[in-house]
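These protein sequence lines are chains A and B, in that order. Numbering follows this note's numbering, in which position 139 of the first sequence is assigned residue number 139; successive positions increment by one, without gaps. Numbering follows this note's numbering, in which position 159 of the second sequence is assigned residue number 159; successive positions increment by one, without gaps. Note that the Cβ used here is the ideal one computed from N, Cα and C, for glycine as well. Encoded as structure tokens, the structure appears first; notes follow it.
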Amino acid sequence: MHETTGTKVFRVVTITLLSIFTIIPIYVMVISGMKPLADVQGDFSWWPSTLTLQPYVDMWKTVPLADYFVNSVIVSSCATILSLVIAIFASYAISRYKFRGRSLFSGTVLSTQMLPGVLFLLPLFLIFVNINTNFGVQLVGTRIGLIITYLTFSLPFSIWMLAGYFDGIPRELDEAAKVDGCGPMRALIRVILPAARPGLVAVAIYSFMTSWGEVLFASVMTTDANRTLAVGLQLYSTQTNVYWNQIMAASVVVSIPIVVGFLLLQKNFVAGLTAGAVK
Amino acid sequence: MVTGIWMSFLKLTKMFIANWGNAPFVGLKNYEVALDFNSAVGLGLLKSFGITAAFTVLVVGISWGLGMAAAVALQKTFRGRAIFRTLFLIPYALPMYAGVIAWKFMLQKDSGALNHLLFDNLGLPGDKPFWLIGDTAFIAVVIVAIWRLWPFAFLMLMAGLQSVPTDVYEASAVDGAKPLRQWWSITLPLLRPVNMVLVLVMFLWTFNDFNTPFVLFGGSQPPAGDLISFHIYNASFLTWNFGSGAAMSVLLLLFLLVVSGIYLLFMNRRKDRA
Numbered sequence: 001m002h003e004t005t006g007t008k009v010f011r012v013v014t015i016t017l018l019s020i021f022t023i024i025p026i027y028v029m030v031i032s033g034m035k036p037l038a039d040v041q042g043d044f045s046w047w048p049s050t051l052t053l054q055p056y057v058d059m060w061k062t063v064p065l066a067d068y069f070v071n072s073v074i075v076s077s078c079a080t081i082l083s084l085v086i087a088i089f090a091s092y093a094i095s096r097y098k099f100r101g102r103s104l105f106s107g108t109v110l111s112t113q114m115l116p117g118v119l120f121l122l123p124l125f126l127i128f129v130n131i132n133t134n135f136g137v138q139l140v141g142t143r144i145g146l147i148i149t150y151l152t153f154s155l156p157f158s159i160w161m162l163a164g165y166f167d168g169i170p171r172e173l174d175e176a177a178k179v180d181g182c183g184p185m186r187a188l189i190r191v192i193l194p195a196a197r198p199g200l201v202a203v204a205i206y207s208f209m210t211s212w213g214e215v216l217f218a219s220v221m222t223t224d225a226n227r228t229l230a231v232g233l234q235l236y237s238t239q240t241n242v243y244w245n246q247i248m249a250a251s252v253v254v255s256i257p258i259v260v261g262f263l264l265l266q267k268n269f270v271a272g273l274t275a276g277a278v279k
Numbered sequence: 001m002v003t004g005i006w007m008s009f010l011k012l013t014k015m016f017i018a019n020w021g022n023a024p025f026v027g028l029k030n031y032e033v034a035l036d037f038n039s040a041v042g043l044g045l046l047k048s049f050g051i052t053a054a055f056t057v058l059v060v061g062i063s064w065g066l067g068m069a070a071a072v073a074l075q076k077t078f079r080g081r082a083i084f085r086t087l088f089l090i091p092y093a094l095p096m097y098a099g100v101i102a103w104k105f106m107l108q109k110d111s112g113a114l115n116h117l118l119f120d121n122l123g124l125p126g127d128k129p130f131w132l133i134g135d136t137a138f139i140a141v142v143i144v145a146i147w148r149l150w151p152f153a154f155l156m157l158m159a160g161l162q163s164v165p166t167d168v169y170e171a172s173a174v175d176g177a178k179p180l181r182q183w184w185s186i187t188l189p190l191l192r193p194v195n196m197v198l199v200l201v202m203f204l205w206t207f208n209d210f211n212t213p214f215v216l217f218g219g220s221q222p223p224a225g226d227l228i229s230f231h232i233y234n235a236s237f238l239t240w241n242f243g244s245g246a247a248m249s250v251l252l253l254l255f256l257l258v259v260s261g262i263y264l265l266f267m268n269r270r271k272d273r274a
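Structural data, given as structure tokens:
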């Protein structure tokens, strides 16, 4: 198709400016992680005086980053798996069955997006404290507490997204499975889930990213025992020194798994997201 | 959640944390204080609300604009399109704190990249400002929030554009429609369903945004960057007055419910008429 000069200029200018805007912080992060400490404390320069990988070695010692890494992986994975399983059943029910309170249920799920996180934080914190005093189950400062927290966080959006995806799968598939002698459970597992793969991937990515990047609850609900990366990264600024080069190095390390995963699965994510959102 | 609303009616201070069931019931007292704009608490909340409203309008508006521009710019295939698409999604994929911490470093007065770029490289006159203290903090938090949010708008709009058939554009080009006209009369109406959800979700996320100011400013936020979630957090955890914090949260929730309700009503009515 013929392209006018106007659109071409628009395209080039837009792409250039947005690329610069996007790249600069990423570049600064990557390059500063390879600078000696003196470089990041003095005036900024675009290129380090000596290129070094020392921050990548030191960062594990300044802060017990490896422990936090393990915590984050466990908490995020458990929250993701649980939220996926629950969301599958909940959204299948919403999408396939009519029951009393169905629209109320999906309405509530959607409206949780409006809740300020702080409104959740206070009661959850107090409920946890009370469970501890009454039943002796420690939730504040444990991984389980965090997993439950993140579950309440990512479930609503996951259910909403997945229900939208299930709606797009024709009911004939269910009926065909029934004719072949499958119960509802088997029909769901053998027939519907494989068809809903992009939606499942989208939900998993969303839950994982939510838990991995969450800061508010992590900073209130964690102690040394279950601290996640989100809070751990803030410990590089000590009274005497801010180890910017190590912070940047650590940021690169915690970002790589999630960015790579996201970019590999982005097609599924987009498909699942739009199916859920646009109905 | 119900607990949260119930809490807002209690005089819940640090005395009662351990067994908050025994906290005295104070009725609407917490709300009265929060809405009394002559008191320090009410005035602080009102100010914070104003800042947050300005913040939200700027961030959502500009993010949407950037996302739309990028989605349209990448609508037609050309060499290297996939690279830019991937690049633009990175800020969204980055763990939120990693991106914001990188910005925090960039916004440092002397060792930061932004001042270096503006004053040393581009030769702007005057003194280097402190980006994270004082009035400039508002600009700083807006920029960082946009950097994080616009890729999401881009992602959704790009997905929406894929469903727009190309022959519509060709037909309208034959009829002599200029690109801007095409965008206004074809692209925008066809993206309506996406836009409806997108704008609402971005509005809610931005208005409730806690993470960006929390990581950017650390414990002590400058008055200019006093966003409402952060304000409530400070009100609750610094003074340990959870009841008052919960009352503010409920007010915030009510506000968001009303705005979203009006928005959805308005949008649905327009859809019915169209």
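Asked                                                                                                                   : Found
Option in L173(A), A204(A), G181(A) with minimal Cα separation from I192(A)                                             : L173(A)
Nonlocal neighbours in the same chain, by C-beta distance under 7 Å from Q75(B), ignoring five residues either side     : L161
Alpha carbon of V259(A) to alpha carbon of I83(B), nearest angstrom                                                     : 14 Å
Residue from S236(B), D226(B), L198(B) with nearest C-alpha to L264(B)                                                  : L198(B)
Contact set between W47(A) and chain B, taken where Cβ atoms lie within less than 8 Å                                   : Simply none; closest approach about 12 Å.
Contacts of L263(A) in chain B (Cβ-Cβ under 9 Å)                                                                        : T86, L89, I90, A93
Contact check, A202(A) vs F269(A), beta carbons under 8 Å                                                               : yes
The region 59 to 72 of chain B contacting the region 147 to 164 of chain B, beta-carbon criterion three pairs below 8 Å : yes
Three-state class that DSSP yields for T206(B) in the structure shown                                                   : helix
Chain B within 8 Å of M29(A), Cβ atoms only                                                                             : yes
is_contact[Y97(B), chain A] using C-beta, thresh 8 Å                                                                    : yes
Chain A residues whose Cβ lies nearer than 7 Å to that of N211(B)                                                       : V215, L216
Between the CA atoms of M106(B) and W131(B) - distance to the nearest angstrom                                          : 9 Å
8 Å Cβ cutoff, V215(B) in contact with chain A                                                                          : yes
Between the CA atoms of R171(A) and L114(B) - distance to the nearest angstrom                                          : 55 Å
Distance between A204(A) and I81(A) (C-alpha atoms, nearest Å)                                                          : 8 Å
Cβ-Cβ separation, D209(B) to A145(B) (assumed contact under 8 Å), whole Å                                               : 6 Å
Within 8 Å, strictly: CB atoms of A218(A) and V231(A)                                                                   : yes
Buried or exposed by the 16-neighbour rule on C-beta atoms within 10 Å, applied to G245(B)                              : buried
Beta carbon proximity, L264(B) to chain A, threshold 8 Å                                                                : no
Best match in F44(A), Y165(A), L146(A) for proximity to A90(A) [C-alpha to C-alpha]                                     : Y165(A)
For W212(A), the nearest candidate out of N132(A), V9(A), Y68(A) (CA to CA)                                             : Y68(A)
Per-residue contacts from L284(A) into chain B (C-beta, under 8 Å)                                                      : Because residue 284(A) is not part of the residues shown, which for chain A are 1 to 279, the question remains open.
Per-residue contacts from L155(B) into chain A (C-beta, under 7 Å)                                                      : V270
Proximity below 8 Å, CB of L190(B) to CB of I228(B)                                                                     : no
Same chain only: Cβ atoms within 8 Å of C182(A), ignoring 5 sequence neighbours per side                                : R190, V191
Member of V12(A), I144(A), T22(A), L53(A) whose CA lies at the smallest distance from the CA of N245(A)                 : L53(A)
Span of the alpha helix (DSSP H), counted from its first residue to its last, around F166(A)                            : 143 to 167
DSSP three-state assignment for D67(A), whether helix, strand or coil                                                   : helix
Residue from K109(B), M196(B), N195(B), G61(B) with nearest C-alpha to I143(B)                                          : G61(B)
Contact residues within the region 155 to 187 of chain B, judged by C-beta distance below 9 Å to chain A                : L155, M156, M158, A159, G160, Q162, S163, T166, Y169, E170, A173, K178, P179, L180
M221(A) versus L146(A), I24(A), V73(A), residue with shortest Cα-Cα distance                                            : L146(A)
Reduced DSSP category for A78(B) - H, G, I as helix; E, B as strand; rest coil                                          : Sequence inspection shows Phe at residue 78(B); the Ala mentioned does not correspond to that position. F78(B) falls in the coil class under three-state DSSP.
Same chain, Cβ closer than 6 Å to M96(B), neighbours up to 5 away in sequence not counted                               : N211
CB contact below 8 Å: V254(A) versus chain B                                                                            : yes
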